[in-house]
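Working notes for the structure below.
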Amino acid sequence: MADHNDPNAVNSIFSDIDVSAADVYDMFGYPSPDRSDGERVVIALTFASVPTAGVFDTDMLYRLLVTTGSRVVWPDDDRSLDGLLGYVGAVKDKYLGELRPAEVRVRAGADREARIDFLNFAGGSFSATVELDRPTTEKAPDGSAIRLFLGGRDDAFFNDLPGFFRSINYAPQFYHVPHTRPDLRELPIPKTLLELEGNHLFNFDPEHPRLGRGEKIDLPPGPYTWEGDRFAKDADGNFRFVYSGEDAQAGRNVNAIVLELPLRYLTGEPERHRIVNVWGESWVLKAAKKVETIPDDPLWIEHPRAFLDWIRLDAELKRYKLVDTVGQPFADAGLSEREDNRQLGANNFWLAPHFVKRLAHLGWGFGPSISALGLKTSFDHDDSPVSVHRTYSLAATAFPRVRRLVFQRLNMPDDSWNPSGADIPLRRSFEIFVPNVCAIDMDTTGTWPFGRRLEDQVATRFLSLFLDMEAELGGRPYHLELLNDQALWDAAPITPKTPPNPLRNDLDFLPEFPYLAAPHA
Amino acid sequence: MPSAVAAAATDHARDLDRLTAEIAGLEAGPGPQNAEDATRLVSCRVNRASLSGDVGELRAAAAAVDVQLVRFGPWPDLCYLRASVHLKQHELPEALRSLAAGEGLAGSPDGRAVRADVELQLGRYGDARRAYERLASETGSWDMLARLAHFEAMLGDPTRAEELYADAADEITAKELRSYAWVETERGRLHLRHGRLAEAERHCERAADAYSGHWVVERRLAEVRAAQGRLDEAIALAEACAERTGRPELAQAVGGLLRRTGAGAEARAWHERALAGYLESADLGEVQYLHHLAEHLTGVDGESTTAVLWAERDHALRPHFATEAALAWALHVDGRRERAVALADRVLASGASDPPLVARMTAVQAGQGIIPVGGSGGR
Chain S
0 MADHNDPNAV
10 NSIFSDIDVS
20 AADVYDMFGY
30 PSPDRSDGER
40 VVIALTFASV
50 PTAGVFDTDM
60 LYRLLVTTGS
70 RVVWPDDDRS
80 LDGLLGYVGA
90 VKDKYLGELR
100 PAEVRVRAGA
110 DREARIDFLN
120 FAGGSFSATV
130 ELDRPTTEKA
140 PDGSAIRLFL
150 GGRDDAFFND
160 LPGFFRSINY
170 APQFYHVPHT
180 RPDLRELPIP
190 KTLLELEGNH
200 LFNFDPEHPR
210 LGRGEKIDLP
220 PGPYTWEGDR
230 FAKDADGNFR
240 FVYSGEDAQA
250 GRNVNAIVLE
260 LPLRYLTGEP
270 ERHRIVNVWG
280 ESWVLKAAKK
290 VETIPDDPLW
300 IEHPRAFLDW
310 IRLDAELKRY
320 KLVDTVGQPF
330 ADAGLSERED
340 NRQLGANNFW
350 LAPHFVKRLA
360 HLGWGFGPSI
370 SALGLKTSFD
380 HDDSPVSVHR
390 TYSLAATAFP
400 RVRRLVFQRL
410 NMPDDSWNPS
420 GADIPLRRSF
430 EIFVPNVCAI
440 DMDTTGTWPF
450 GRRLEDQVAT
460 RFLSLFLDME
470 AELGGRPYHL
480 ELLNDQALWD
490 AAPITPKTPP
500 NPLRNDLDFL
510 PEFPYLAAPH
520 A
Chain F
0 MPSAVAAAAT
10 DHARDLDRLT
20 AEIAGLEAGP
30 GPQNAEDATR
40 LVSCRVNRAS
50 LSGDVGELRA
60 AAAAVDVQLV
70 RFGPWPDLCY
80 LRASVHLKQH
90 ELPEALRSLA
100 AGEGLAGSPD
110 GRAVRADVEL
120 QLGRYGDARR
130 AYERLASETG
140 SWDMLARLAH
150 FEAMLGDPTR
160 AEELYADAAD
170 EITAKELRSY
180 AWVETERGRL
190 HLRHGRLAEA
200 ERHCERAADA
210 YSGHWVVERR
220 LAEVRAAQGR
230 LDEAIALAEA
240 CAERTGRPEL
250 AQAVGGLLRR
260 TGAGAEARAW
270 HERALAGYLE
280 SADLGEVQYL
290 HHLAEHLTGV
300 DGESTTAVLW
310 AERDHALRPH
320 FATEAALAWA
330 LHVDGRRERA
340 VALADRVLAS
350 GASDPPLVAR
360 MTAVQAGQGI
370 IPVGGSGGR
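Residue numbers (numbering that gives the first Met the number 0), protein chains in the order written: chain S, 0 to 520; chain F, 0 to 378.
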């Protein structure tokens, strides 16, 4: 008899098969510019173009979950940790209680087709089989015309991702990091927007100018800490930015599910329900179910347009395993450290204390960087002259540092976001990230954080959370677009003189559905 | 490589071909230029050797890991691979040394898992169980759940073992059908050893549906068929596995099955082939076949004293319930009752719950005759 177990024999540290089709990238949502048939909302979920752009993995199931509701304003007078947790608790009760999200469910079949189910919407449930890569319109039971596109597109995200990873000292972007050492991913060096003197692992290296941008080298031996006490400066006294403004996503494709739906299809009370919350999930078929479902599911073949009731579909979901979720940009990479067990989608309530601790950890890096540039920060770093690596085990200890950051209202650069002129309060960080949904305000343009438009430079807006929104520059209050202003960087003692991330996508977005640009050849 | 004759167009054959091509690509030109690519290469080689079942290929893969360790130093992933191969070859001190060589490796979940496997082999059951429990709780990954399940199957609660295997299977996605087949095969083995033949058959057939052509699945299916009395099918499956892999323990299994049909001469030929394989391994200084060697010789007239020597040697290296049981049995057959009973007492006190093993130790205590402990391989 074999007297020991050997899962290592099959469990290679290198996966044999790429499962990145489960990697969901971005969730976009905003009111449609087309109001010819009443108010409509555009929703787009993008994910890895695996196996290729325009071909979906047949083992995957994608969900877009949707709720609608009225605009709820959380009181402004309680800025305590208890107050924050009270908000989280109230939202949790709502999401885990009476709320039953409507859902769009997509799985691809053979022959470049996909089945899409619309479930639990006010305008009725129905299913359709659609051809990939071809915009189409389907009629819902209530007569609503729903535009659909499932297929390959240009990646609508434009971003200096290597710059972000440099700012958080994320080694796998730059170095070969052993798979067996997950502790060596985000190294214990202060987060920073400005290069640290002597940070040889992450400062720009002229001998490896493309390090982190396609070039990787073996991780040198440790220690992986930083013992310096100042930001690096060149001979002219300029700081060096960790960002380059280069679009690392240029030329890349994604697969996408793009929908344009009438608001009246989503809710029976479109006048009252002005907020549309949406989030996306990827699920991969379980092995046991793969074995059961060979050959093809007869329902798929015989009744492709059959109405599918909720109970059966829940049974269907049990056949899959949840892998990834997306609601807010940077909720994963910035605040959840991309840990698999934190892929909770909207239900990220238990992470609230973690968010506080993580924001404080980031704040000790970004706050002093902002101060060094002569700007005011929302993070309390005790006037530290340089970034600090500090972690917290208790939210209560971290909270005083991030109180302002969490509760301050995030100014918009002008009033263009609110064309309706409705009385809409500016949003606050805690409202944006808990729950982890893209909350589309139908009385706005849907620009982030009132949704997310394709053209929004959200990565830079995320950094703006660390600005003090009560401060002024040139007689104007700070706002979410401040760090996207080239003039600010022209005047700053820094090289390169660029906003952190590109200001626009490599390809123009389309004026008509499906709005995302066609994929690169 | 014997596996090259694997039937075409099975999942197993396709994976072997894919790994062969990937290895060739990684070895082309100057070969890997950094530790990550080097790890990828030797990982493919170890993976392919596991998949083919070819002991010689595993030896070569181990040597390839050593070459890359010399070239790139104690890169933790390389050390982990080396530790895993050492464990597979029952080289426990070497496995621990490899774990210690990779900076930070011993504290990582992967490193802790290998360490727990070593603890189990060393008879430190409490430490192994605690580590498995913790790892399964922390990671929830199928392989950690499977480790804990195996522990429960051997030394704990078989009902919980089945539940844990079911949990492990549920964690595996359609992208990992080889892993799924492996877990299903283990579930089949668990049922088989408890005499639940229908369940054993169901799990093994499911494994074969999920991942076709794998000798690991087919050898277990052969045991099920043998237990069902379908000896012709069992022999055909077992022979195919033995031919494809060249593994001596599979040759021994074929011999055992043939002997049951009365084909004494053919059985002897397979047993001689098995013995030659065991002795070749031992001559090379390897230890992974010592328990098979002891088990084999225990059943050969006039060889029981030699069997005790091999069993003693294995037990000295891996003092745990299974090697204790093998030694107890060899001593029992060799007529050294007092020590045999003492060891059988220890085995049963360890919490061993594998029914054939418990039956054999009970027989030792009672001074009874020969009871097979293996699947189709016991004699």
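C-beta: ideal position from N, C-alpha, C; glycine also. Predicted, not measured: the structure shown is a model, and the values here were computed from it.
Practice problem: Put Ala-43 of chain S into one of helix, strand or coil per three-state DSSP. | Solution: strand
Self-check item: Cβ contact (3+ pairs, closer than 8 Å) linking the segment 110-118 of chain S and the segment 130-143 of chain S
Solution: yes
Exercise. Please determine, among F:Asp-10, F:Leu-25, F:Val-54 and F:Ala-48, the residue with the shortest C-alpha to C-alpha distance to Pro-247 of chain F.
Key: F:Val-54
Quiz item: Is the beta carbon of Tyr-319 of chain S sitting closer than 8 Å to the one on Lys-285 of chain S?
Solution: yes
Quiz item: Where are the beta strand (DSSP E) runs, 3 residues long or more, that stay fully inside the segment 422-467 of chain S, in chain order?
Solution: 437-440
Quiz item: Of the residues S:Arg-427, S:Pro-492 and S:Lys-375, which one's Cα is nearest the Cα of Glu-471 of chain S?
Solution: S:Lys-375
Practice problem: Check the Cβ-Cβ distances between Ile-22 of chain F and every residue of chain S, and say whether any is below 8 Å. | Solution: no
Quiz item: With a Cβ-Cβ cutoff of 8 Å, do Pro-261 of chain S and Arg-111 of chain S count as a contact?
Solution: no
Practice problem: List the residues of chain F that Pro-181 of chain S touches, going by C-beta distances under 9 Å, in chain order. | Solution: Ser-107 and Pro-108
Quiz prompt | Proximity test, Gln-32 of chain F beta-carbon vs the ligand NAD heavy atom, cut-off 7 Å | solution = Although the ligand NAD was asked about, the structure shown includes no ligands whatsoever.
Exercise. Would you kindly report the start and end of the unbroken alpha helix (DSSP H) that includes Trp-225 of chain S?
Key: Taken as a continuous stretch (DSSP letters only), Trp-225 of chain S belongs to no alpha helix (DSSP H), as it is neither H nor E.
Quiz item: When you compare only the Cα positions, how much space is there between Leu-502 of chain S and Asn-158 of chain S?
Solution: 9 Å
Practice problem: Could you pull out every residue in the same chain whose Cβ sits closer than 7 Å to the Cβ of Met-360 of chain F, ignoring the five residues on either side in sequence? | Solution: Ala-324, Ala-327, Ala-343, Val-346 and Leu-347
Quiz item: Three-state secondary structure (DSSP) at Val-72 of chain S?
Solution: coil
Self-check item: Where Arg-229 of chain S falls, given that 16 or more other Cβ within 10 Å makes a residue buried
Solution: exposed
Self-check item: Any beta strand (DSSP E) of 3 or more consecutive residues that is wholly inside the segment 181-213 of chain S
Solution: none
Self-check item: Short CB-CB distance (under 8 Å) between Ile-171 of chain F and chain S
Solution: yes
Self-check item: 8 Å Cβ cutoff, Gly-103 of chain F in contact with chain S
Solution: yes
Practice problem: With a threshold of 16 other CB atoms inside 10 Å of the CB of Pro-294 of chain S, please say whether the residue is buried or exposed. | Solution: Residue placement at Pro-294 of chain S cannot be trusted, given a pLDDT of 43 that sits under 50; the coordinates are not used to answer.
Self-check item: Extent of the continuous beta strand (DSSP E) run through Trp-282 of chain S
Solution: 274-284
Exercise. Compare the Cα-Cα distances from Arg-403 of chain S to each of S:Asp-440, S:Leu-425, S:Leu-464 and S:His-388 and report the closest residue.
Key: S:Leu-464
Quiz item: Taking Ala-517 of chain S as the reference, which of S:Tyr-242, S:Glu-194 and S:Asn-254 has the closest Cα?
Solution: S:Asn-254
Self-check item: Nearest to Ala-89 of chain S (by Cα), restricted to the options S:Glu-430, S:Thr-459 and S:Glu-469
Solution: S:Glu-430
Practice problem: Pick out whichever of S:Ala-490, S:Trp-225 and S:Leu-515 has its Cα sitting closest to the Cα of Thr-45 of chain S. | Solution: S:Leu-515
Quiz item: Does the beta carbon of Ala-287 of chain S sit closer than 8 Å to a beta carbon anywhere in chain F?
Solution: yes
Practice problem: Let me know the secondary structure DSSP gives Asp-110 of chain S once reduced to three states. | Solution: coil
Exercise. Would you mind working out which of S:Ile-423, S:Arg-78 and S:Asp-25 sits nearest Val-71 of chain S, comparing C-alpha positions?
Key: S:Ile-423
Exercise. Report the rounded CA-to-CA distance for Trp-225 of chain S versus Lys-356 of chain S, giving the unit in angstroms.
Key: 21 Å
Quiz item: Can you tell me the Cα-Cα spacing of Leu-193 of chain S and Ile-167 of chain S, whole angstroms?
Solution: 11 Å
Quiz item: Looking at chain S, which residues of the segment 55-79 of chain F have a Cβ within less than 7 Å of any of its Cβ atoms?
Solution: Trp-74, Pro-75, Asp-76 and Tyr-79
Quiz prompt | Closest by C-alpha distance to Leu-40 of chain F, when choosing among F:Arg-188, F:Arg-58, F:Gln-227 and F:Val-64 | solution = F:Val-64
Exercise. To the nearest angstrom, report how far apart Gly-228 of chain F and Ala-206 of chain F are at their CA atoms.
Key: 21 Å
Practice problem: Assign Ala-305 of chain S to buried or exposed, taking buried as 16 or more other Cβ atoms, counted over all protein chains shown, within 10 Å of its Cβ. | Solution: No answer about Ala-305 of chain S holds up, because its pLDDT of 40 lies below 50 and its placement is not dependable.
Self-check item: Closest Cα partner of Gln-287 of chain F within the set F:Glu-90, F:Asp-300 and F:Glu-242
Solution: F:Glu-90
Quiz item: Does the pairing of the segment 375-391 of chain S with the segment 412-423 of chain S give three or more beta-carbon distances under 8 Å?
Solution: no
Quiz prompt | Interface partners of Ile-216 of chain S on chain F, CB under 8 Å | solution = Asn-33
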